[in-house]
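Residue numbers (this note's numbering): 1 to 306. Every residue gets a Cβ at the ideal spot worked out from N, C-alpha and C, and that includes glycine.
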């Protein structure tokens, strides 16, 4: 159960409840009134299944300095985790005091907000499981790339590589295209760059259960791999790649712009995993220019930074 707040925050309402309890003890409010307020149906809503507090990230609330646009329009397959993912991205920004979040879910909002004029006030665009051919004109696509290359940021989550197959420059920008998910199981993920933001607590490797992608039009020569699959943890014969190289997360530069992608994020329980939240937050901070990392294309499998 979580508290639904109108015009405030969960923390502020919790504080209000403490004040009410104090008032009860000092005679400032009747017991009946207090019970009525705290048990009111309007004060509580059911929490999404599996949702847990953002335990991995220290709460340092402050005034947001960045503007993030989350695009989650599914012109193709629609992921059930989209609403929870958008909520967690928003909460991460609030918790860190780093960004305020705008969203574009329906087609009209995508057309409007990915346009050049709206993007003038945006620092980072996140594709949260957006899929298919999104409704953007050719002029809008050109304006988006110009905006990104000028020094802004882009983060792609999971199915962001299952998007814009007819727009080749998008595939080059994000680093490749989805080419199936042969595995949906527990896997071991290797940390190839231990210095990239958001992976410091993951160790040399970690286990996670999620839908695992393979990619086409993808090469290490064009990007910097952060996480990759330990092939000993799955049946590689189910994959298509001749090199058996299955990256999980990477970063690259697009002009002066920063691009971060993680293929994790299919399942709700991945989104509520504090390790994933920390991983995603690190990528977002880097893409916003708030964290530093050496992004070197062409790193080879197993060449983890010490």
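Here residue 214 is near residue 239, since their CB atoms are less than 7 Å apart.
Beyond the five residues adjoining it in sequence on each side, residue 210 comes within less than 6 Å, by CB distance, of 264, 266, 267 and 270 in the same chain, given in chain order.
Restricted to the segment 100-135, the alpha helix (DSSP H) segments that are unbroken, complete and at least 4 residues in length are 107-113 and 116-119, listed in chain order. Three or more pairs of CB atoms, one per stretch, sit closer than 8 Å, so the segment 140-150 contacts the segment 108-127.
Straight-line measurement puts the Cα of residue 205 at about 24 Å from the Cα of residue 160. In the displayed model, residue 248 falls within a strand according to three-state DSSP. Per DSSP, the continuous alpha helix (DSSP H) segment holding residue 281 begins and ends at 274-287.
Looking at the DSSP output, residue 213 bridges to nothing. Within the same chain, 231 and 236 come within 7 Å of residue 244 by CB-CB distance, once the 5 residues on both sides are set aside. The segment 196-203 and the segment 162-170 do not touch, with fewer than three beta-carbon pairs separated by less than 8 Å.
According to the DSSP assignment, residue 149 belongs to the alpha helix (DSSP H) that extends over 138-149. The beta-carbon distance between residue 225 and residue 242, rounded to whole angstroms, is 17 Å. This is too long to meet the 8 Å contact definition. Around the beta carbon of residue 139, a 10 Å sphere encloses fewer than 16 other beta carbons of the protein chains shown; the residue is thus reported as exposed. As for any beta strand (DSSP E) of minimum length 3 sitting wholly inside the segment 167-211, the runs are 183-191, ordered along the chain.
Taking residue 101 as the centre and dropping the five residues before and after it, the same chain places the C-beta of 68, 70, 89, 90 and 93 closer than 7 Å to its C-beta, in chain order.
Residue burial is scored here from C-beta neighbours: residue 108 has fewer than 16 other C-beta atoms within 10 angstroms and is therefore classed as exposed. Where residue 270 is concerned, there is no enclosing beta strand (DSSP E), although the alpha helix (DSSP H) around it starts and stops at 268-271. Proximity to residue 124 across 137, 134, 132 and 151 peaks at 151, based on C-alpha coordinates. With contacts defined by Cβ atoms closer than 7 Å, residue 171 and residue 220 do not form a contacting pair.
The continuous stretches of beta strand (DSSP E) do not include residue 86, which lies in the alpha helix (DSSP H) extending over residues 82-96. The beta carbons of residue 156 and residue 288 sit no closer together than 7 Å.
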